[in-house]
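Residue numbers (the working numbering), protein chains in the order written: chain A, -14 to 174; chain B, -14 to 174; chain C, -14 to 174; chain D, -14 to 174; chain E, -14 to 174; chain F, -14 to 174.
From the three backbone atoms N, C-alpha and C, an ideal C-beta is built for every residue, glycine too.
Working notes, structure below.
Number of protein chains: 6
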Amino acid sequence: TNDIYTKGHPTGVVVGLAWTSVGGDILFIETSLSRGKGGVTLTGNLGNVMKESATTALSYLKAHAADYGITYEQLEEMNVHVHVPEGAVPKDGPSAGITMFTSLASAFTGRKVKPYFAMTGEITLRGQVLPVGGIKEKMLAAKRAGIKDVILPAQNEKDVEEINKAYIKGMRFHYVTDVSQVLGLALAK
Amino acid sequence: TNDIYTKGHPTGVVVGLAWTSVGGDILFIETSLSRGKGGVTLTGNLGNVMKESATTALSYLKAHAADYGITYEQLEEMNVHVHVPEGAVPKDGPSAGITMFTSLASAFTGRKVKPYFAMTGEITLRGQVLPVGGIKEKMLAAKRAGIKDVILPAQNEKDVEEINKAYIKGMRFHYVTDVSQVLGLALAK
Amino acid sequence: TNDIYTKGHPTGVVVGLAWTSVGGDILFIETSLSRGKGGVTLTGNLGNVMKESATTALSYLKAHAADYGITYEQLEEMNVHVHVPEGAVPKDGPSAGITMFTSLASAFTGRKVKPYFAMTGEITLRGQVLPVGGIKEKMLAAKRAGIKDVILPAQNEKDVEEINKAYIKGMRFHYVTDVSQVLGLALAK
Amino acid sequence: TNDIYTKGHPTGVVVGLAWTSVGGDILFIETSLSRGKGGVTLTGNLGNVMKESATTALSYLKAHAADYGITYEQLEEMNVHVHVPEGAVPKDGPSAGITMFTSLASAFTGRKVKPYFAMTGEITLRGQVLPVGGIKEKMLAAKRAGIKDVILPAQNEKDVEEINKAYIKGMRFHYVTDVSQVLGLALAK
Amino acid sequence: TNDIYTKGHPTGVVVGLAWTSVGGDILFIETSLSRGKGGVTLTGNLGNVMKESATTALSYLKAHAADYGITYEQLEEMNVHVHVPEGAVPKDGPSAGITMFTSLASAFTGRKVKPYFAMTGEITLRGQVLPVGGIKEKMLAAKRAGIKDVILPAQNEKDVEEINKAYIKGMRFHYVTDVSQVLGLALAK
Amino acid sequence: TNDIYTKGHPTGVVVGLAWTSVGGDILFIETSLSRGKGGVTLTGNLGNVMKESATTALSYLKAHAADYGITYEQLEEMNVHVHVPEGAVPKDGPSAGITMFTSLASAFTGRKVKPYFAMTGEITLRGQVLPVGGIKEKMLAAKRAGIKDVILPAQNEKDVEEINKAYIKGMRFHYVTDVSQVLGLALAK
Ligand SMILES: [Ca+2]
Ligand SMILES: [Ca+2]
Ligand SMILES: [Ca+2]
Ligand SMILES: [Ca+2]
Ligand SMILES: [Ca+2]
Ligand SMILES: [Ca+2]
Ligand SMILES: [Ca+2]
Ligand SMILES: [Ca+2]
Ligand SMILES: [Ca+2]
Ligand SMILES: [Ca+2]
Ligand SMILES: [Ca+2]
Ligand SMILES: [Ca+2]
């Protein structure tokens, strides 16, 4: 039933991984841009920590805009909207940080994320990728959804190693310590 | 008593379907535009998720404005007001997403929705139509109100198939996966 | 003691009807304009639904301003203040919608409401007049206050017919389905 | 101990009357103006109804500014601050409405209130003066504070007549129905 | 341990007196100015009444700016920040009003407060100094901190007279009724 | 596992020390600048006191900008974002004041903090460094994280002296009374 998700997505759309009391799940981060004056809108029934995560990801992108070929004018003349579908489900926590960053970067650069790709990890303002919880549940959910590649925080490698190999067969895990490593892995040429 | 609703409506007015603890009901989404500076007003005793749904629908419309012949100037020089009548009744949830989108598109393009037409479905920022709850109750309410055509999420087709055919006789169901399919079905020429 | 209310009122003042746990009552909607930049102030210990009702009435007036001889410049260069006296009493609900609309229209056009005139009814953004509760209690309160003419939603006609004729002797009831019918009935020449 | 209050006050200062669970008391409404852009500040531990009362009084003054020789430029180029001293005491209710109005009018016109003068009464947006509670307690408090003249709502005359004459000996009561009567009584030449 | 406090302070720093459930204490009011557009920031874990107190003190200073040689341009082109140290301790109440005023006036005029000087008293918008609570506890705390001079409301003189003389030996008490008396006493030449 | 923290950090990143119910911990304060209009964003699940601490640190920096070679134009044309990583953990209190200040100063001057350096202390608006709690737990956490130099409030020297020397062997403690002493100690040449 989730196969609608696993095809290639338009720019600005990235698959994240959530961990709830009933197990892991995939979720989507969607960014859309429209002409405006630098306004930011965050929707999807998000708690404050998750909103701060998006704010931090956007600040990082702004501070490193030149590295990604994004101009100040682009940032200033667009409104940014980040949405996480399934509005009936409350969402919170910092673990979608690098997913938010990738979604924003994809929207501003016009480069798509590779198909069957997902990621999880907290982002800090200087670009560190911090470990997150629920790794086992998230990887099983990714597997169920047909995900082939997952970017994770280096500090979570030990959590992946504890998962029964049979459950995650065929998946590739990419461990990162800094958000600057993420786009090279996730964005299509 | 609801026959005042089932005649043709002015531009900006679309019939949605609600599901409450006491069963299904129809509701109206009304959009009106007035000269202004791009302000957005959302009224009708709406919860946060329903407000976010309208915000998401508007962002989608803005990001795809050119596809619908809407110019940036129109968006920038109008104030948008979306209202859901019956102010005494609290309303919430994401299921009016495509109804909100159609109401906004109707108001900005000046094209009316066909008579006896209703719809339900969550909208995402990239235009996916996600499944919603209460399909049986909503379809019975639509039938009672004289609705002939209903747009629904493709993932809800199975829910319609479980309804006793006698109850929804004469109704046509249009299943969609993307919001780009909605206006072609719902707007009059 | 309410006879101070039943004489002719200045422009912007309209008699509404309220229904509370202790019976019906008349109330006043007062609109005043002053030079400004289109600001809107709503006072009188109003709940959110009643405030949204005023917002909806104002949006309807703005969207149909040309029909009433109101220019965009008037709307843009005035501040609007809508007040409901008796600040110690909390007030809420959508039933003063057409009263709010009439008060705003009276203030902007400079035309007064006829004396001994009251009204009740929810307004929608496209101008429908929806039925309201407490009709019997409201009509008795209008009678006590010396009101001669009342505008009501067409869908409330059945509620008036259930009132003992002796209690509402000499009163005229005007049933409307659309707010466009209201001003012709209520405003003095 | 309150004799510091009963001497002549500077412009913008007016004596009001409060009614609390422990009896009546006098209070002061103070308005000060400073160069600015039309900002409004309300302080003194005021509840929402009392703040709305000040807002209503200011709107009335703005709508009738020309009658009092106040120009639009004065209103637009000043910041208004209304304060009610004794910040440790929460205050609320609409009964200081005409006192707020008089304080604002005194500040903008530069005319002082006569000494030994107090007032109480709700103001509406069209300038009606509505009756208030606690008349007996308020008049006794005024007497104790050395007040000689009190402006009251006409509808409260019956409440004054019920007070034992001995308690309010030497006081003059001025009954008003409209706020336009207040300044002529209260402001010094 | 508090001797760091009792030396001369830079401009904008004034010693106040607090009264809590565990006795009296000294506190500091610090004002700093920086180039800006008239913004006001209030920090230090302050309750609403204490914030209103600062707002009132600033309005008084603005309305009397000319008396203190402060120009409108200075007020308009500076941002004002008032801070009360020891952020872990919640603070509230109106009793630091004249201390706030003196801190603001010191910052804007560049004149320092004399060493070993403290003050307490509510300020009103017209400059009255109203009595405050906890005088005994505050004076003992001032004594412990090495304070030599204290400004107090005239109406609190009786409270000082009730303190055992031995406890406050060597301290000078300056009673004021109006805030205009404060700066002459407190500011160094 | 924390060794990723103890290498040299980019400009704007400073190690602070936290004290929670489960002991001491290090935390990071990160400041990033991007072109803008002087906006300030504070994230990291921060309580009000900690946010006020950042506001106070920024005001101090602005008021003393010239001392640090920072121009008004830099302050006015940049947006400042201060973030404290590990968004899942609520953080509060004033003890990161000097850490916030150092982070801001590092970002604006482009000078890095020396490696293996941490600090703790409340900042006041005039630049005093006030004592904080949890010194023992904080120093042990710093030791565990490989910190060599710690800046502390002078009033906390006694708390360090009570720690068993063996536990903090090889660490250097720098006691300060004023924030002006901090940058000379902490910033690399
Ligand atoms: Ca799901
Ligand atoms: Ca994620
Ligand atoms: Ca209904
Ligand atoms: Ca719907
Ligand atoms: Ca009444
Ligand atoms: Ca009504
Ligand atoms: Ca009193
Ligand atoms: Ca009063
Ligand atoms: Ca202390
Ligand atoms: Ca004080
Ligand atoms: Ca940690
Ligand atoms: Ca710290």
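- Between Ser44(E) and Gly82(E), the CB-CB gap reaches or exceeds 9 angstroms.
- Between Thr26(D) and Asn64(D), the C-beta spacing is below 9 angstroms.
- In the DSSP secondary-structure assignment, Glu107(C) is bridged to Leu115(C).
- Contact between the region 113 to 123 of chain C and the region 99 to 114 of chain B is not established, with fewer than three Cβ pairs separated by less than 8 angstroms.
- For the pair of segments examined, the region 16 to 32 of chain C was found not to touch the region -3 to 5 of chain B: the number of CB pairs separated by less than 8 angstroms stays below three.
- In the three-state scheme derived from DSSP, where H, G and I count as helix and E and B as strand, Thr87(F) is classed as helix.
- Within the region 49 to 82 of chain F, those residues whose Cβ lies closer than 7 angstroms to any Cβ of chain A are, in chain order, His66, His68, Pro70, Glu71, Gly72, Ala73.
- Taking Leu60(F) as the centre and dropping the five residues before and after it, the same chain places the C-beta of Gly23, Lys47, Ala50 closer than 7 angstroms to its C-beta, in chain order.
- Counting C-beta pairs closer than 8 angstroms gives fewer than three between the region 64 to 73 of chain B and the region 144 to 152 of chain C, which falls short of the contact rule.
- Spatial neighbours of Ala171(A) in its own chain (CB-CB distance under 7 angstroms, excluding positions within 5 residues in sequence) are listed in chain order as Thr87, Val98, Lys99, Phe102, Met104, Ile136.
- Arg20(F) places its beta carbon less than 9 angstroms from that of Glu62(F).
- Under a 10 Å Cβ-count criterion, Val34(F) is classified as buried, with 16 or more other Cβ atoms of the shown protein chains found around its own Cβ.
- The continuous alpha helix (DSSP H) containing Arg129(C) extends over residues 120 to 129.
- In this structure, the straight-line span from the alpha carbon of Lys154(A) to that of Lys133(A) is close to 9 angstroms.
- Ala127(A) places its beta carbon 9 angstroms or farther from that of Thr162(A).
- If the five residues before and after Phe93(C) are omitted, its C-beta is found closer than 6 angstroms to the C-beta atoms of Ile55, all from its own chain and listed in chain order.
- When Cβ-Cβ separations below 9 angstroms define contact, Val25(B) makes no contact with chain C.
- Of all residues in the region 15 to 45 of chain C, only Glu15, Thr16, Ser17, Leu18, Ser19, Arg20, Thr26, Thr28, Gly29, Asn30 come within less than 8 angstroms of chain D when Cβ atoms are compared, listed by chain position.
- As the crow flies, the alpha-carbon of Gly119(B) is around 7 angstroms from that of Gly9(B).
- Annotation: Cβ neighbours of Pro(-5)(D) in chain E (cutoff 9 angstroms, chain order): Arg111, Gly112.
- Of the candidates Gly(-3)(E), Glu15(E), Tyr53(E), Val7(E), Tyr53(E) places its Cα closest to the Cα of Ser165(E).
- Closest by C-alpha distance to Ala90(C), out of Leu12(C), Val167(C), Ser6(C), Thr5(C), is Val167(C).
- For Tyr160(D), the three-state secondary structure derived from DSSP is strand.
- Per DSSP, reduced to three states, the secondary structure at Gly82(B) is helical.
- Taking 8 angstroms as the upper bound for CB-CB distance, Thr16(C) and Gly(-7)(C) are not in contact here, some 16 angstroms apart.
- Interface with chain A (9 angstroms Cβ-Cβ cutoff): Lys99(B) is excluded.
- In the structure shown, Thr(-4)(C) falls within a coil segment according to DSSP collapsed to helix, strand and coil.
- Residue burial is scored here from C-beta neighbours: Ala42(D) has at least 16 other C-beta atoms within 10 angstroms and is therefore classed as buried.
- Taking all protein chains in view, the Cβ of Lys174(D) is surrounded by fewer than 16 other Cβ atoms within 10 Å, so the residue is classified as exposed.
- At a beta-carbon threshold of 8 angstroms, the residues of chain C lying near Leu115(D) are Pro70, Glu71, ordered along the chain.
- Restricting attention to Asn141(F), Met156(F), Glu142(F), the CA atom closest to the CA of Arg129(F) is found in Met156(F).
- Closest option to Ser80(A), judged by alpha-carbon separation, among Leu12(A), Gly169(A), Pro(-5)(A), Ala73(A): Leu12(A).
- Taking Asp77(C) as the centre and dropping the five residues before and after it, the same chain places the C-beta of Gly32, Val34, Met35 closer than 6 angstroms to its C-beta, in chain order.
- CA-CA distance, Leu125(C) to Pro75(C), rounds to 21 angstroms.
- In the DSSP assignment, Glu58(F) falls within the unbroken alpha helix (DSSP H) covering 57 to 61.
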